[in-house]
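First residue of the sequence shown: 1012, per the working numbering; consecutive thereafter.
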Amino acid sequence: MPKKNKKVQLIINADDYGFSKSVSEGILDAHRTGLVTATGIMANGSYFKKGVHRLFDTGNLDTGVHINITSGYPITKDMGKKLSKWGGTFPGIFKMATAILKNKISPELVMLEFQAQIERCLKAGLVIFFANSHHHVHMLPPLFKRTANLAKHLGIPFVRYTTAEWVNCFKPRVIIPRSCME
1012 MPKKNKKVQL IINADDYGFS KSVSEGILDA HRTGLVTATG IMANGSYFKK GVHRLFDTGN
1072 LDTGVHINIT SGYPITKDMG KKLSKWGGTF PGIFKMATAI LKNKISPELV MLEFQAQIER
1132 CLKAGLVIFF ANSHHHVHML PPLFKRTANL AKHLGIPFVR YTTAEWVNCF KPRVIIPRSC
1192 ME
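Okay, structure coming up:
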């Protein structure tokens, strides 16, 4: 007996909604033209508070949370205090990843920041279909299972899983040139 054909749906996601006005407006424009079907929202972005209401007028744009602990300011006070040597801002992917992997910033503190960003989206009235993170930082070994558990606890059905950018990421031949770029 032949199997029924399953409907395949192409999802074109544009992360960083809320990062800035221009990025957010570009995502909305791309959605209106039919190019973008989903967006990941940066709850700690400079345009989040001003732009979140615009998402309610989009109709069928799926929304997710694009957790960000690599640029901008944290939402939680405890994370802000932990980042004091960087002026209270996230210092970039490699410094954050190194601090997490060396346990200078605990996974528990990171999870509190993740939760605060997700809850900010939920409190704004958004339906969150997925979670991912800026620079895929949620894929760090001490964070992924915790992120998946947090998403499940908060009713988020999907967490992006990728290995491409993290495979071999922490070998000296990769870390040394990249750390010099910051």
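We treat Cβ as the ideally placed atom computed from N, Cα and C, and that holds for glycine.
Owing to the predicted nature of the structure, the values given are computational and were not obtained by experimental measurement.
- Beta-bridge pairing by DSSP links residue 1057 to no other residue.
- With respect to the 7 Å criterion, residue 1101 and residue 1078 are not classified as neighbours on the basis of their beta carbons.
- The residue among 1059, 1017 and 1032 with its C-alpha nearest the C-alpha of residue 1137 is 1059.
- Straight through space, the alpha carbons of residue 1110 and residue 1129 are spaced by roughly 22 Å.
- In terms of CA proximity to residue 1032, 1066 leads the group 1047, 1019, 1045 and 1066.
- If you check the CB distance, residue 1036 and residue 1085 do not come in under 7 Å.
- Of the residues assessed, residue 1040 falls on the exposed side of the cut-off, its CB having fewer than 16 other CB atoms within 10 angstroms.
- If the five residues before and after residue 1107 are omitted, its C-beta is found closer than 8 Å to the C-beta atoms of 1080, 1081, 1101, 1116 and 1148, all from its own chain and listed in chain order.
- The secondary-structure analysis by DSSP pairs residue 1077 across a beta bridge with 1143.
- Counting along the chain, no beta strand (DSSP E) covers residue 1068, and no H or E run does either.
- Residue burial annotation: residue 1172 is exposed, with fewer than 16 other C-beta atoms found within 10 angstroms of its C-beta.
- For the pair residue 1062 and residue 1029, the CB atoms are nearer than the 7 Å cut-off.
- In this structure, residue 1087 places its C-beta atom within 7 Å of the C-beta atom of residue 1127.
- In this structure, DSSP gives residue 1041 a helical state, which the three-state scheme calls helix.
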